[in-house]
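Notes follow once the structure below has been shown.
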Amino acid sequence: MIRPDAPVLLEICDLRASVEEQPILKGVNLTIRAGEIHAVMGRNGSGKSTLSKVLAGHPAYRVTAGSVHYRGEDLLALLPEQRARIGLFLGFQYPVEIPGVSNLEFLRVATNARRQEQGLEELDTFAFEDLVRERLKVVQMDPAFLERSVNEGFSGGEKKRNEILQMALLDPLVAILDETDSGLDIDALRIVAGGVNQLASAANATLLITHYQRLLDVITPDYVHVMAAGQILRTGGKELALELEESGYDWVDAELERLEASAPEGLAAAQASRTPAEVG
Amino acid sequence: MTSAATVGDLVSQPYKYGFVTDIETEKIAKGLSEDVVRLISAKKEEPAFLLDFRLRAYRQWLQMEEPDWAAIGHPSIDYQNIIYYAAPKQQVKKASLDEVDPKLLETFEKLGIPLSEQKRLSNVAVDAVFDSVSIATTYKEKLAEHGVIFCSISEAVKDHAELIERYLGSVVPSNDNYFSALNSAVFSDGSFVFIPRGVTCPMDLSTYFRINSGDTGQFERTLIVAEEGASVSYLEGCTAPMFDTNQLHAAVVELIVLEDASIKYSTVQNWYAGDEKGVGGIYNFVTKRGHCRGDRSHISWTQVETGSAITWKYPSCVLQGADSVGEFYSVALTNNRQQADTGSKMIHVGPRTRSTIVSKGISAGHSSNSYRGLVQMGPKAVGARNYSQCDSMLIGDQAAANTYPYIRSQQPDASIEHEASTCRISADQLFYLQSRGIGFEEAVSMMVSGFCRDVFNQLPLEFAAEADKLLALKLEGSVG
Ligand SMILES: Nc1ncnc2c1ncn2[C@@H]1O[C@H](COP(=O)(O)OP(=O)(O)OP(=O)(O)O)[C@@H](O)[C@H]1O
Ligand SMILES: [Mg+2]
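Sequences listed follow chains P and Z, in order. Note that the first sequence ends on residue 281 in our numbering; no numbers are left out. Note that the second sequence ends on residue 487 in our numbering; no numbers are left out.
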């Protein structure tokens, strides 16, 4: 839902970031207001996950220029855990397994860290069990998953559901969901998308990274952005996704070439950072 | 710290117990000779059998060579540059705590081991050993009511000579290895525990070892005997000041359990480990062995090894009695330049004997951590069973972990099962936890305690919480 007067939750300006001295993000601009749902699409390797991890504060990525403000606050100055506590959530494309750490305990510690920031009381084991059982319904997950180690031995789809369960518990203001739909069967996709819709409100915002229209059929985006070579190349409404579904990304190369021609100093850098697959 | 900084920038927590107590000590001159052995024995006013025991050990030691099979390296130890006896200058062991030098009581209080009547722990009896001597033992009278003897080994030599003569060296013969020979020749103090037939020790017993002097070797000797049907839980803790020289610590611990008896022996070892460049720290060469003599007897070793520059330690069980049980649960953590070569030996002699080995090695920094274990099934060990599980966790990419399981079986009807795994705490796992609002340190500690849970579950409750904190502290700044 677009409301021009809604408060800005996330403001990304000319964000540039490198990994191992290799520039990946090359000037990302994006503004997200409360109540909005954004979709980011783009070819493999275009920098979508990198953007999400830079926002969440992954230590492997170095921000080289630009700024990110979260409700007016300098997000990049905060530790990853602080970002999470104030309401930024990243649903991972590839959630890692953490053997030996109980999922239930993990969820409880995480939830309490967020609640403390929100000024809510800490939940003891019993109160938390009640809450988690209620939130499990959002993703229709079997409580048995709580007894296991975090993501250990979970199937691809189960891991994604566990991500949405965390989102449901952490009550984020800005949720970035990186390909939460991939690896889900048809029913699971409906359940997960239903969960995301259920959690979306006028106060929060969602950034969906996805390759497929089928997700956007269920969660209607207010904006669709196309990412290429570390930039947002084009922004449109939900029809842009349909257009992409129809005609693919061929136009992207022409567009990039045009950009490079108009900004020759960016050319070398842009070329060098593109993988052979992208170039070819 | 900004988000761009790595977790490696977190400052390492300094070693909390690194202080030195300024107290007058009586030391003998550096070096080792037959005269020194005689001098130690004379200072302790020992009976002839013990002097003979020491001299025999000393002569055996002269014939032996330092073992070199462990995966550790260190500059050669100059045995003539060590002081073999140091004691605070309070001459005789005091009858009451009020007479103990307040500086010593203060030291132990600072270490979290209050000894005075008003403050002492309510459920644990403590023997406090400072350098070469035991300075106080709490709850002696209460234990005596149950027939339990808990005192320093020096006192036991005087008051219970017949028990010492019968049991000392009966599990670890002096010539068992180089360090046991050295210890047998010059051992200073340690604890003696005797639980008579049928008695369940009414409280946990604990010895706290404190090294204070910089140039002194520590050679403790502990002997625990549980008669038929008796049982006891014993805890051992240790710390040392920070010196930039290495100190030698070569202890021997012997456990004897008769029919239906059990001993649970837990250690939290936190000797000074040296600094991040590997300067200083304790060389810890320890021989620990238990003998399940009687049928259905039970020995359980639990150790949390976090300190020392070098750890060379293989708590073992000789399972002689039929249906006897041996257990070894270990967490060994190494960081910076620490080296640990540790594990267990389970020697199955009797029929249907059972043993379990659970070893968790955590290596961080540039450290090296090896599990070395032996499971042996003798010809009479019909139906004996062993289960071993050795897991390694690597933190960072400079640390090393190795597993050396040795298996010898002369009994076809015995089963041996061995499982091993290696994992690494990855930056992505930590980031995952952090991205859910969990602070870095808590994230590391969640992962490490998850990894160690099977072992921590074996520790007495108050120790388990302690161990958890200790590991988190030791790992601060190690994941980059
Ligand atoms: N940690 C890293 N080390 C090296 N290269 C990296 C790293 N992270 C990302 N990259 C590179 O950055 C580029 C962008 O990767 P990213 O994961 O952001 O792509 P993506 O748009 O999410 O792709 P996909 O649609 O396949 O998920 C790729 O070329 C990738 O190889
Ligand atoms: Mg991706």
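Ideal Cβ placement from N, Cα and C applies to all residues, glycine included.
Neighbour flag for residue i against chain Z, beta carbons, 8 Å
i      : result
P/I99  : yes
P/L91  : yes
P/P96  : yes
P/Q119 : no
P/R4   : no
Selection from the options that minimises the alpha carbon distance to residue i
i      : options                        : result
P/R235 : P/H226, P/A242, P/L243         : P/H226
Z/R303 : Z/T313, Z/I270, Z/D282         : Z/I270
Z/T313 : Z/N253, Z/Q417, Z/D435, Z/I289 : Z/I289
Z/V264 : Z/S307, Z/V293, Z/K284         : Z/S307
P/P24  : P/G36, P/R149, P/T65, P/V175   : P/T65
Z/V140 : Z/D85, Z/T114, Z/Y92           : Z/Y92
Z/G385 : Z/Q418, Z/A77, Z/Y215          : Z/Q418
Z/A388 : Z/A371, Z/A421, Z/S399         : Z/A421
P/N30  : P/L52, P/H212, P/E246, P/L209  : P/L52
P/R34  : P/L174, P/E256, P/Q141, P/K138 : P/L174
Z/Q436 : P/G158, P/L190, P/G184, P/P81  : P/P81
Listed by chain order, chain P residues near residue i by CB distance under 8 Å
i      : result
Z/C430 : P100
Z/G457 : I99, P100, G101, V102, S103, S150
Nearest-angstrom Cα separation, counted from residue j out to residue i
i      : j      : result
Z/D222 : Z/V27  : 13 Å
P/E74  : P/T181 : 27 Å
Z/N393 : Z/L212 : 29 Å
P/R17  : P/M42  : 18 Å
Z/P109 : Z/F137 : 13 Å
Z/G119 : Z/V131 : 13 Å
Z/S161 : Z/Q225 : 15 Å
Z/T13  : Z/A280 : Note that Z/T13 scores a pLDDT of 28, beneath 50, so its modelled location is shaky and nothing firm can be said.
P/R1   : P/G67  : Since the first and last residues shown for chain P are 2 and 281, residue 1 of chain P lies out of range.
Z/C5   : Z/H298 : Nothing can be reported for residue 5 of chain Z, as the shown portion of chain Z is limited to 8 through 487.
Z/C397 : Z/Y378 : 7 Å
Z/T144 : Z/D134 : 4 Å
Z/E235 : Z/E266 : 5 Å
Z/A408 : Z/S375 : 6 Å
Z/A188 : Z/A64  : 5 Å
P/V151 : P/E106 : 9 Å
P/Y250 : P/A229 : 9 Å
Z/N190 : P/N163 : 56 Å
Z/Q346 : Z/I317 : 5 Å
Z/N277 : Z/V286 : 16 Å
P/N198 : Z/S456 : 37 Å
Z/D461 : Z/L381 : 21 Å
Z/F56  : Z/L175 : 11 Å
P/L124 : Z/N464 : 25 Å
Z/V179 : Z/W319 : 16 Å
Z/S177 : Z/H425 : 30 Å
P/I99  : Z/V200 : 43 Å
P/G92  : P/A203 : 20 Å
Z/R344 : Z/G403 : 13 Å
Contact set between residue i and chain P, taken where Cβ atoms lie within less than 9 Å
i      : result
Z/A434 : H59, P60, A61
Z/F438 : K54, A57, G58, H59, P60, A61, P81, V97
Cross-chain neighbours of residue i in chain Z, by beta carbon under 9 Å
i     : result
P/A85 : Q441, S442, R443, G444, I445
Chain-ordered neighbours of residue i on chain C, where CB pairs are closer than 9 Å
i      : result
P/R109 : The chain labelled as chain C is not found among the protein chains of the depicted structure, namely P and Z.
Beta carbon proximity, residue i to chain P, threshold 8 Å
i      : result
Z/F463 : no
Z/G368 : no
Z/R460 : yes
Z/L477 : no
Chain P residues whose Cβ lies nearer than 7 Å to that of residue i
i      : result
Z/M454 : I99, G101, V102
Contacts that residue i makes with chain Z (C-beta to C-beta distance below 7 Å)
i      : result
P/R115 : G444
P/Q167 : R443
Checklist line | Any residue whose CB is nearer than 6 Å to a heavy atom belonging to ligand 1, listed in chain order | finding: P/V20, P/E21, P/I25, P/G43, P/N45, P/G46, P/S47, P/G48, P/K49, P/S50, P/T51, P/A61, P/Q94, P/T276
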